[in-house]
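The structure under discussion appears below in the form of structure tokens.
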């Protein structure tokens, strides 16, 4: 049996697709996810051309709307929410109301993809678990994010980034030996997990589309990722070494650690005026370039003697400026660089050259002015094109009426959304 | 365990890339079902074959290389040999995806840049990783992970205020860039089903590291008056208020996530926190809050503190090392490890793909190939198609 393509997909000709330059043009994604992991996947799908509709609870919406870092807000929503949710739409639905749930089911019947990050069991209770949604739309790609998988003793542990870092062991890879575990200073578990979710969703979309074209069995998919599995994958290099090396735990170098499994000189060192990063490479040429005979050791000792070598190197590098050392290292084609902070980065021609800055905007609530957010774009380029939609994150329920009048208009059970849009 | 149909079954990837960023992207495509052939130079092969972690060797080979290149085939090409060049062109004609991560200009000199490859196979999706983009003052710098961390501002986010720059001790720029490239390649593969045309998909490690830092960078771009500064004590995330961090206890470490200081003061019996309970103080006074907790928590065991916090739904966790993680039922239930048979009879143990599809894990089956291991078989395939 062949299934009907979604409404958007049917109207999409190959020619239009090619002209759009947006590879996912025509796809509709319903995003029930909140905070970062799931919405980051949605952001990338939106960047690549999908129409992403956030399904949000009336009144408060995605909890990230009220989670501000550094108390920064734009037009009533946290700057953080704006960062993660630009280029999306918002549809309000109370999943506990049969009326709203019905509307959501009708949207699901037309959607290509949905994502959620509710704790295990919640979607079953609402009746929007994969089996139920698949019954509405057998070709849907159903994406699900959890903290630690769907069973076992951590199922009810909060799926929060720092906690996933804590149990994953990643804290023992950064910082120096005498320090305790050092967290990575970004929400890395969330971001990797969102990326893995998007990879799985995209692979399932490729499978579905190839089947449509080749006349195979057209199937949707359930795609799952968890913060912990993503953190394990992130550490796969070191973990594989540990697993095949008598389970010797990573041992950070006493100074200038930048990778617990790599020998000297790999690390960041203080100079007379700033800092310098020195990557991997043979010790002899480095000793010569820096005029530092103390580190002219056999490379077979680079790992076993890394503390002694790094200590000598650190003492030597403190005697001159970063510029002085960089001139010598560059001349010898040794992998090294200065260490840049945000002030230096944002003004640097190398940062301007990648053109990552993006300004997005939306009309203010009274419609009189336009609010802008300066943020960064999608890091990918396809056929030389950067993805630079200027659409800001939606106000809560901004698109509820429009979606009811369009995607839900032909349905006999669609109702007016009076009273259910943004509060 | 029987292998079910994987989503990218039937797609062929030619992996010209080296080290980690590109090869990790190809590994993900392999896990998702694609057939991946590493194209390597004769004799020496990919440079990653000679890169070791902790001097760790398994059957004479780098465990690192095995981790990154399992479930791929190896085919050697001497690009200066016209006959081999013809064979490579035949492979390019069959391929769906190509991945390269040489410095700008190298693939061009080899006659393997997108325009050349597209002329051979207009349907191919050509994924390209650079260090810093193809223009600008950093374009010719080495795209090495630590240098990307140093040049992207990333080193000022981990650790505490007075630590100086702190590297993330995992090659995050390589891994994150490779993961982003996979998204671009798959999006282009999806579009190809409509257009019939391939695409050039590009990313630089610098662009990926900017995206990785989109939260703090958006603050810096939106409000240049803001400073992004790590906490002075127990730093964990420069933007987050309150206790957020890892703390030493009597017998280990505990992670405290976001939550009300008031709850911590009460549940941990820590009256010194009481002056800081106003949520409006949580960011401005985070150093004081963290110092009080850093002084207070060593008095009891991690289990003791967890027994007070977890029943009250405070977000917290024990900080584990890999031994503790692997012994934990929470890890075992994920079935995250796989053992692949090496030719010499030993087993390579590694982690599996983190993505599940249709309730199935995506298992691998082979360790990394020996250099040129699939030469004969692939040559036969090429011959048969001529």
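Residue numbers (the numbering used here), protein chains in the order written: chain G, 1425 to 1847; chain H, 395 to 780. Yeah, the Cβ is synthetic: ideal placement off N, Cα and C, and Gly gets one too.
Between the CA atoms of residue j and residue i - distance to the nearest angstrom
i	j	result
residue 438 of chain H	residue 446 of chain H	15 Å
residue 476 of chain H	residue 1465 of chain G	44 Å
residue 584 of chain H	residue 1479 of chain G	25 Å
residue 582 of chain H	residue 1582 of chain G	35 Å
residue 719 of chain H	residue 414 of chain H	25 Å
residue 1814 of chain G	residue 1517 of chain G	26 Å
residue 1636 of chain G	residue 1643 of chain G	9 Å
residue 510 of chain H	residue 1556 of chain G	49 Å
residue 761 of chain H	residue 706 of chain H	46 Å
residue 646 of chain H	residue 696 of chain H	6 Å
residue 1656 of chain G	residue 730 of chain H	8 Å
residue 1659 of chain G	residue 1594 of chain G	7 Å
residue 756 of chain H	residue 769 of chain H	26 Å
residue 461 of chain H	residue 468 of chain H	15 Å
residue 397 of chain H	residue 752 of chain H	Per-residue confidence for residue 397 of chain H stands at a pLDDT of 44, beneath the threshold of 50, marking its modelled position as unreliable; the derived number appears in the next sentence. So the two alpha carbons sit approximately 12 Å from each other.
residue 1530 of chain G	residue 1539 of chain G	16 Å
residue 1602 of chain G	residue 1732 of chain G	16 Å
residue 700 of chain H	residue 658 of chain H	12 Å
residue 411 of chain H	residue 1695 of chain G	34 Å
residue 676 of chain H	residue 625 of chain H	12 Å
residue 679 of chain H	residue 670 of chain H	7 Å
residue 1845 of chain G	residue 1823 of chain G	At residue 1845 of chain G, the pLDDT of 34 sits below 50, so the modelled position is not reliable; the number obtained from the coordinates is stated separately. Cα-Cα distance, rounded: 8 Å.
residue 1562 of chain G	residue 1701 of chain G	52 Å
residue 1663 of chain G	residue 1564 of chain G	35 Å
residue 1521 of chain G	residue 1543 of chain G	20 Å
Reference residue i, options the options, closest by Cα
i	options	result
residue 704 of chain H	H:717, H:651, H:690, H:492	H:651
residue 1712 of chain G	G:1548, G:1756, G:1672	G:1756
residue 1559 of chain G	G:1533, G:1617, G:1581	G:1533
residue 1471 of chain G	G:1827, G:1817, G:1826, G:1824	G:1817
residue 778 of chain H	H:400, H:456, H:484, H:401	H:484
residue 1688 of chain G	G:1759, G:1458, G:1445	G:1759
residue 735 of chain H	H:458, H:542, H:664, H:763	H:763
residue 749 of chain H	G:1754, G:1563, G:1690, G:1619	G:1619
residue 369 of chain H	G:1632, G:1477, G:1460, G:1592	Missing from the structure shown is residue 369 of chain H; chain H here goes from 395 to 780 and no further.
residue 498 of chain H	H:644, H:492, H:649, H:527	H:527
residue 1788 of chain G	G:1457, G:1500, G:1766, G:1544	G:1500
Beta-carbon proximity check, residue i vs residue j, cutoff 8 Å
i	j	result
residue 421 of chain H	residue 1652 of chain G	no
residue 1505 of chain G	residue 1488 of chain G	yes
residue 425 of chain H	residue 417 of chain H	no
residue 1462 of chain G	residue 1587 of chain G	no
residue 1796 of chain G	residue 1782 of chain G	no
residue 456 of chain H	residue 435 of chain H	no
residue 407 of chain H	residue 490 of chain H	yes
residue 1762 of chain G	residue 544 of chain H	yes
residue 1679 of chain G	residue 1734 of chain G	yes
residue 1723 of chain G	residue 1706 of chain G	yes
residue 1647 of chain G	residue 1572 of chain G	no
residue 1699 of chain G	residue 1693 of chain G	yes
Element boundaries [beta strand (DSSP E), containing residue i]
i	result
residue 1515 of chain G	1513-1516
residue 1620 of chain G	From DSSP, residue 1620 of chain G is part of no beta strand (DSSP E) but of the alpha helix (DSSP H) over 1612-1638.
residue 408 of chain H	406-409
residue 1655 of chain G	Careful: residue 1655 of chain G lies outside any beta strand (DSSP E), inside the alpha helix (DSSP H) at 1651-1658.
residue 731 of chain H	731-735
residue 1751 of chain G	Careful: residue 1751 of chain G lies outside any beta strand (DSSP E), inside the alpha helix (DSSP H) at 1746-1755.
residue 1596 of chain G	Where residue 1596 of chain G is concerned, there is no enclosing beta strand (DSSP E), given that its DSSP letter is neither H nor E.
residue 1478 of chain G	1475-1480
First through last residue of the alpha helix (DSSP H) which encompasses residue i
i	result
residue 640 of chain H	It is not in any alpha helix (DSSP H) - residue 640 of chain H instead sits in the beta strand (DSSP E) that spans 639-642.
residue 1534 of chain G	1522-1534
residue 1592 of chain G	1585-1592
(message) Taking beta-carbon pairs under 9 Å, can you tell me which members of the region 714-726 of chain H lie near chain G?
(response) Cβ contacts with chain G come from 714, 715, 716, 717, 718, 719, 720, 722, 723, 724, 725, 726.
(message) Which residues of the region 1711-1742 of chain G have a Cβ closer than 7 Å to any Cβ of chain H? Give them in chain order.
(response) Within the region 1711-1742 of chain G, the qualifying residues are 1727.
(request) Identify each residue in the region 568-587 of chain H for which the Cβ-Cβ distance to at least one residue of chain G is less than 9 Å, and report them in chain order. (result) Within the region 568-587 of chain H, the qualifying residues are 569, 570, 571, 573, 574, 575, 576, 577, 578, 579, 580, 581, 582, 583, 584, 585, 586, 587.
(message) Can you pull out the residues from the region 1802-1831 of chain G whose beta carbon lies closer than 8 Å to at least one beta carbon of chain H?
(response) For chain H, the residues of the region 1802-1831 of chain G that bring a beta carbon within less than 8 Å of one of its beta carbons are 1802, 1803, 1804, 1805, 1806, 1807, 1808, in chain order.
(message) Any C-beta of chain H within less than 8 Å: which residues of the region 1485-1497 of chain G qualify?
(response) Those residues of the region 1485-1497 of chain G that come within reach of chain H (Cβ to Cβ, closer than 8 Å) are 1493, 1494, 1495, 1496.
(message) Output needed in chain order: residues of the region 598-619 of chain H with a Cβ under 7 Å from some Cβ in chain G.
(response) Those residues of the region 598-619 of chain H placed with their C-beta closer than 7 Å to a C-beta in chain G are 598, 600, 601, 602, 604, 605, 606, 607, 608, 609, 611, 612, 613, 614, 615, 616, 617, ordered along the chain.
(request) Would you list, in chain order, the members of the region 511-535 of chain H that have their beta-carbon closer than 8 Å to a beta-carbon of chain G? (result) Against chain G - using a Cβ distance shorter than 8 Å - the residues of the region 511-535 of chain H are 526, 527, 529, 530, 531, 532, 533, 535.
(message) To be precise: take each residue of the region 1581-1597 of chain G, compare its Cβ to all Cβ atoms of chain H, and keep it if any distance is under 9 Å. Which residues remain?
(response) Residues 1581, 1582, 1584, 1585, 1586, 1587, 1588, 1589, 1590, 1591, 1592, 1593, 1594, 1595, 1596, 1597.
(request) Could you name the residues of the region 647-662 of chain H whose beta carbon sits closer than 9 Å to any beta carbon of chain G, in the order they occur along the chain? (result) Correct list: 647, 648, 649, 650, 651, 652.
(request) Scan the region 1751-1763 of chain G for residues whose Cβ lies nearer than 8 Å to a Cβ of chain H and list them as they occur along the chain. (result) Within the region 1751-1763 of chain G, the qualifying residues are 1759, 1760, 1761, 1762, 1763.
(request) Could you list the residues in the region 430-457 of chain H with a C-beta less than 7 Å from some C-beta on chain G, going in chain order? (result) For chain G, the residues of the region 430-457 of chain H that bring a beta carbon within less than 7 Å of one of its beta carbons are 447, 448, 449, 450, 452, 457, in chain order.
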